[in-house]
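Structure first, commentary second.
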């Protein structure tokens, strides 16, 4: 099984180096048969190839079984006609990665606002209000006059049904079997009405699921007030982008937030945090989110290929991270710890080997 590692920008190469060590340890311990191919994207690629996303990357991604993408500093890239291509967006569009799956789980040893949070937010990833995801040609934002800006929101029956189905499948295998559909259907009656209708239809395929609808403004409050009331949450693109960040912060911070972007046949592990160029090269970056994202990818691949060894590897990542976070001497400085990125990588490999 072939994995493609794209370190990205800023702290990306440092935390990707830790991920590589973790994968090598798991590969050896569990005989996973993994091969890891590493290529440059982002500023490193721009310097060498005059583009942040060389054509060879797409070719390599197509051949790979799974992809691990480090953080990319898209906002700092030059315009697209000068080589500044959004790497994440290019991969998402090419492989139709419609489901952004982001757990928010509080960890023992970490001082969090919501110590009992244990949920998964499933965000539709290809439609919604975002201007690069609504039109076949051109932008979903435009100005008919110098004083008027308009934005188009795209909600399709197919897109809503498939994200509802993905969320319902996740809820069906969790102990609580609860699905919360987040909309603003009281104001966006047509578009969110369609989204709600199709999510309910998808969930109806799973007998016994508890299903509720919560409006997005109320959801922002309830995540703070009663975070333990939720299990699997499904929502549209922009709402999911906002709520998943909120949930991650409440459960301990974006540095602990694993994430995958998944489609029908392919998935990409990608941490939800940024590239943090201000701390790049200082050996202080926290690699937990990208490691957890990689674990999610291995679990997704295990489910897809019916390989228990990959699911075992994912579980070993989770338990090893839990052990690392318990004490300050095995946590990075942003988590009130005392070790650097390299030392974190060395210690988690020891824990994996000892398991």
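Residue numbers (this note's numbering): 483 to 837. We put the beta carbon where it would ideally sit given N, CA and C, even for glycine.
| task | With a 10 Å radius around its C-beta and 16 neighbouring C-beta atoms as the bar for buried, classify residue 514 as buried or exposed. | result | Translated into the one-based positions of the chain shown, residue 514 becomes position 32. The residue in question, residue 514, is buried, as its Cβ has 16 or more Cβ neighbours within 10 Å.
| query | Just to confirm, are residue 606 and residue 580 a CB contact at a threshold of 8 Å? | reply | The sequence position of residue 606 within the chain shown is 124, counting from 1. The sequence position of residue 580 within the chain shown is 98, counting from 1. In contact: residue 606 and residue 580 (Cβ atoms closer than 8 Å).
| request: Please specify which runs of the beta strand (DSSP E), each continuous and at least 3 residues long, are wholly inside the region 567 to 597, giving them in chain order. | output: 581 to 587
| task | Could you check the C-alpha separation between residue 528 and residue 566 for me, to the nearest Å? | result | Against the chain shown, residue 528 aligns to sequence position 46. Against the chain shown, residue 566 aligns to sequence position 84. Going by the C-alpha atoms only, they are around 8 Å apart.
| said: How far does the beta strand (DSSP E) with residue 548 in it extend, from its first residue to its last? | reply: Here residue 548 refers to the residue found at position 66 when the chain shown is read from its first residue. Judged by DSSP secondary structure, residue 548 falls within the beta strand (DSSP E) whose first and last residues are 548 to 551.
| Can you tell which of 609, 625, 623, 711 has the C-alpha that lies nearest to the C-alpha of residue 636? | The residue you call residue 636 lines up with position 154 of the chain shown. Of the candidates 609, 625, 623, 711, the one whose C-alpha sits nearest the C-alpha of residue 636 is 609.
| field | Cα-Cα separation between residue 504 and residue 668, rounded to whole angstroms | value | In the chain shown, the residue the question calls residue 504 occupies position 22. In the chain shown, the residue the question calls residue 668 occupies position 186. Approximately 47 Å, taken between the alpha carbons.
| said: Closer than 8 Å is the cut-off here; do at least three beta carbon pairs connect the region 812 to 823 with the region 754 to 769? | reply: Enough Cβ pairs lie closer than 8 Å, so yes.
| What is the rounded straight-line gap between the Cα of residue 546 and the Cα of residue 762? | Working through the chain shown from its first residue, we reach residue 546 at position 64. Working through the chain shown from its first residue, we reach residue 762 at position 280. Distance between the alpha carbons of residue 546 and residue 762: 28 Å.
| field | Identified DSSP bridge partners for residue 624 | value | The residue given as residue 624 occupies position 142 in the chain shown. DSSP output for residue 624 lists 632 as bridge partner(s).
| message | Within 10 Å of its beta-carbon, does residue 655 have 16 or more other beta-carbons around it, so buried, or fewer, so exposed? | response | As a first step, residue 655 is located in the chain shown; it is residue number 173 there, counting from the start. Looking at its Cβ environment, which holds fewer than 16 other Cβ atoms inside 10 Å, residue 655 is exposed.
| query | So does the region 593 to 607 actually touch the region 707 to 726, counting three or more Cβ pairs closer than 8 Å? | reply | yes
| query | With C-beta atoms as the reference, is residue 493 less than 8 Å away from residue 758? | reply | The residue given as residue 493 occupies position 11 in the chain shown. The residue given as residue 758 occupies position 276 in the chain shown. Yes.
| field | Helix, strand or coil at residue 545 according to DSSP, with G and I counted as helix | value | On the chain shown, residue 545 is found 63 positions in, with the first residue counted as 1. Reduced to three states, the DSSP call for residue 545 is helix.
| field | Distance between residue 649 and residue 627 (C-alpha atoms, nearest Å) | value | For the purposes of this step, residue 627 is taken as the residue at position 145 of the chain shown. For the purposes of this step, residue 649 is taken as the residue at position 167 of the chain shown. Their Cα atoms are separated by approximately 41 Å.
| query | Should residue 518 and residue 543 be called a contact, given that it needs their Cβ atoms to be closer than 8 Å? | reply | Within the chain shown, numbered from 1, the residue matching residue 518 stands at position 36. Within the chain shown, numbered from 1, the residue matching residue 543 stands at position 61. Cβ distance not < 8 Å, so residue 518 and residue 543 don't count as in contact.
| request: Could you tell me if residue 700 is buried or exposed, where buried requires 16 or more neighbouring beta carbons within 10 angstroms of its beta carbon? | output: Locating residue 700 in the chain shown gives position 218, counting from the first residue. By the beta-carbon neighbour count (other beta carbons within 10 angstroms, threshold 16), residue 700 is exposed.
| task | Take residue 718 as the anchor and find which of 779, 533, 791, 696 has the nearest alpha-carbon. | result | Numbered from its first residue, the chain shown carries residue 718 at position 236. Selected option, being the one with the closest Cα: 696.
| Beta-carbon proximity list for residue 586, same chain, < 6 Å, skipping 5 on both sides | One-based indexing of the chain shown puts residue 586 at position 104. So the qualifying residues of the chain are 599, 601, 729, 730, 733.
| said: Give me, in chain order, the residues of the same chain whose beta-carbon lies closer than 7 Å to that of residue 720; leave out the 5 immediate sequence neighbours on both sides. | reply: The count along the chain shown starts at 1 and reaches residue 720 at position 238. For residue 720, where only same-chain residues beyond five positions count, the Cβ hits under 7 Å are 610, 611, 612.
| task | For the alpha helix (DSSP H) containing residue 663, list its first residue and its last residue. | result | Here residue 663 refers to the residue found at position 181 of the chain shown. Run containing residue 663: none in the alpha helix (DSSP H); it sits in the beta strand (DSSP E), 660 to 665.
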